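Under numbering that gives the first Met the number 0, think of the first position of the sequence shown as 0, with each following residue one higher.
This report concerns only the one structure given below.
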Amino acid sequence: MVLKKGNTSPLIDRPLLNVQQVREDFPVLAREVNGQPLVYLDNAASAQKPRQVVERLSRYYALEHANIHRGVHFLSQEATSAYEAARATVAKFINAAEPRECIFTRGTTEALNLVASSWGGANLQAGDEVLITQMEHHANIVPWQLLEQSHGIKLVVAPIDERGQLIVEEWEKLLSPRTKLVAFCHASNALGTINPAKALIKKAHERGIPVLLDGAQSSAHFKIDVQELDCDWFALSGHKLFGPTGIGVLYGKADLLNAMPPYQGGGDMIEKVSFSGTTFRHIPERFEAGTPHIAGAIGLAAAMDYIESIGHKPIEAQERDLLHYATERMREIEGLKIYGEAENKVAVISFDIPGIHPNDIGTMLDADGIAVRTGHHCTMPLWERFGLTGTTRASFAFYNTRGEIDSFVESLTKIKRMFLGA
Ligand code: PMP
C-alpha cells in the first residue's frame, strides 16, 4: 500500500468493492452509540465480525461440538475434520507448504512466546543477541526480556527514523556473529509502517540467522505468502482478521518446529506417557497440548474464507483509498501531527494535537459515536523515541467509508475548537 505525499487523486485507485453491501455483513456497523451512528475506527485493536463467522461459530456450538482427536463417535470425528480443515484453510491463506506447519495458539502473543520459550529456551545462551526494532509491540519485546533474565541473552534494538521507518542500514550494522535471532513486526500497529520483510529476511538468512515475523497487523490488510517471504516463523491473531478472539496461529517451517522442544505438556501432544519417560508427537500436535479452541479455529477459517471471497485486491484498494483520504483530511486540521509517515503503510493513523490529551480526544470522539484507541498502543518504547507517552489512533478496515472519515474529521475539528479555541 503505497501512500505518496502530494498525490491528491486517490480516485484513480477507486475500489472494486461494494462497501455498502459488505457493511451489511457486519451487524454491529448498523448500531448507534450515544445517539449517533457507530463509526468504528479501532480495527487495529480488534476487527468486527461478519455474520458468516458468527453463524459458523453458532452452528458449531449448536450442532457440531465434541472434543476432537480422541473420539471414535460421529460428532468427535466431525469436529476433528472441521478443526483440521480449518488448519488447511489457514495454510492456504498464508501459503504454508503444509497444514501441519500451522500451530493454533491463543493469538500472536502466545505464538511469539512459544518461539521465545521453546526455541529461545533451547537455543539461546548468555551473550547471544536477539535483534528487534524500536517499533515493536510489547508482545515482541517482553518475551525476549524474560530470556534476558533467565538466560542472560541481550536484546538489541534497531532504530527508526522521524517518519517511523526502520533505518535499514543501522539494522544491518547490528547484525553480528552474536545475533542468533531476528524478530520484527511485518506492519506496525502504532505507526502503520510496513517493514520491507522480504529484504530483511534475506539479509538475515545470508548470515544464517532465523527470522520471526509478527504478522498481527499485516495479515488483515494484504496477502501473506510465508514461502515467498521465506520467514522461519510467522504469527497472527484471529480477532484482528475478522475472526474470533482467543485464537491465532504460529506458522513455522516444519523441520524447525519439529526440532523445537514442547512448549506446554498435557493431552494430545504426547506419543506415549510413562513414569519412566514420555515421548512427544510431531507437529502440529506437539505444540497443541490440551483441548484447543476448536470453535475458534473453525471461526478463524470462516473469517479467512470471507476475506478470500471479497479478495485481497479490493480490500487493499479500499484501505489505500481510506488511508489517503483520511490523511489528507486530517492534514486540514492545523496543529494536528501524524506519527508514522512511512511511504509504505497500512491504514493506521496515529496522531497528536498538542495541548489536548489523547484520552480527552478519545472520550469526546466517543460522545459522537466514534471509536478510536488512545494511549501507548502497547508500544511504550516507540513513544519514548518520539518524546510522547502516547497518541490517538484511528485504524481502518475495508468496511469503513469516506463518509465516516468526514464525521471523524468534523468531530476532531469541534474538539480542537472546544479545547484550544479557533
Ligand atoms: N503484535 C502486534 C504488532 C500487535 O498489533 C498486537 C496486538 N495489538 C500483538 C502483537 C498482540 O496480539 P494479540 O493481543 O492478539 O496476541
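The beta-carbon is built from N, C-alpha and C at its ideal position, and this holds for glycine as well.
As the structure is a computational prediction, the values presented were derived from the model and not from experiment.
- In this structure the region 132 to 145 lies against the region 100 to 116, because at least three pairs of beta carbons, one per stretch, are closer than 8 Å.
- The straight-line gap separating the alpha-carbon atoms of V210 and V156 is approximately 15 Å.
- Taking the C-beta atoms as reference points, I404 is found no nearer than 8 Å to R319.
- Spanning the alpha carbons of N17 and L321 requires a straight line of approximately 14 Å.
- A Cβ-Cβ separation of about 15 Å leaves D224 out of contact with G251 under the 8 Å criterion.
- Secondary structure note for D213: its beta strand (DSSP E) is the uninterrupted segment V210 to D213.
- Excluding residues up to 5 positions away in sequence, C101, V225 and Y250 lie with their Cβ nearer than 7 Å to the Cβ of A95 in the same chain.
- The Cβ atoms of G126 and R177 sit closer than 8 Å to each other.
- Between the C-alpha atoms of E31 and A253 there is a straight-line separation of about 47 Å.
- Between the alpha carbons of P195 and L62 lies a distance of about 45 Å.
- The C-alpha of Y324 lies about 10 Å from the C-alpha of A346.
- For I332 against G191, the beta-carbon gap comes to about 18 Å, at or over 8 Å, which does not count as contact.
- Straight across, the Cα-Cα distance linking L199 with N343 is about 15 Å.
- If only uninterrupted beta strand (DSSP E) runs of at least 3 residues are considered, those enclosed by the region 295 to 345 are 336 to 338.
- Between E128 and C184, the C-beta spacing is not below 8 Å.
- Going by beta carbons, K48 and F241 fall inside the 8 Å limit.
- A direct Cα-Cα distance of roughly 10 Å separates Q216 from T107.
- Each residue's CA atom was taken as its position, placing I337 and N33 some 27 Å apart.
- Using a cutoff of 7 Å, the CB of Q216 counts as near the ligand PMP, since one of the ligand's heavy atoms is closer than that.
- DSSP places K172 inside the alpha helix (DSSP H), whose first and last residues are V167 to K172.
- DSSP places V71 in the coil class of the three-state scheme, outside both helix and strand.
- DSSP, reduced to helix, strand and coil, places K179 within a strand of the structure shown.
- In the three-state scheme derived from DSSP, where H, G and I count as helix and E and B as strand, F407 is classed as helix.
- Here the distance from the Cβ of S80 to the nearest heavy atom of the ligand PMP is not below 7 Å.
- Three or more beta-carbon pairs separated by less than 8 Å link the region 402 to 418 to the region 364 to 379, which places the two stretches in contact.
- DSSP, read as helix, strand or coil, puts R372 in strand.
- Within the DSSP bridge table, the entry for A234 names D213 and L249 as partners.
- If you look at V225, you'll find it in the alpha helix (DSSP H) that goes V225 to L228.
- Beyond the five residues adjoining it in sequence on each side, A341 comes within less than 6 Å, by CB distance, of R162, G163, Q164 and T192 in the same chain, given in chain order.
- Following the DSSP letters along the chain, one finds K201 inside the alpha helix (DSSP H) bounded by residues A196 to E205.
- The Cβ neighbour count for F73, taken over all protein chains shown within 10 Å, is under 16; the residue is labelled exposed.
- Using a 10 angstroms sphere on the CB of M303, the tally of other CB atoms reaches 16 or more, which defines it as buried.
- Judged by the Cβ position, N188 qualifies as a neighbour of the ligand PMP at the 7 Å threshold, a heavy atom of the ligand being closer than this.
- In this structure, L299 keeps its C-beta atom at 8 Å or more from the C-beta atom of V53.
- Per the C-alpha coordinates, the member of I352, A138, H311 and R285 positioned closest to S218 is H311.
- With a 10 Å radius around the Cβ and a threshold of 16 neighbouring Cβ atoms, H281 comes out exposed.
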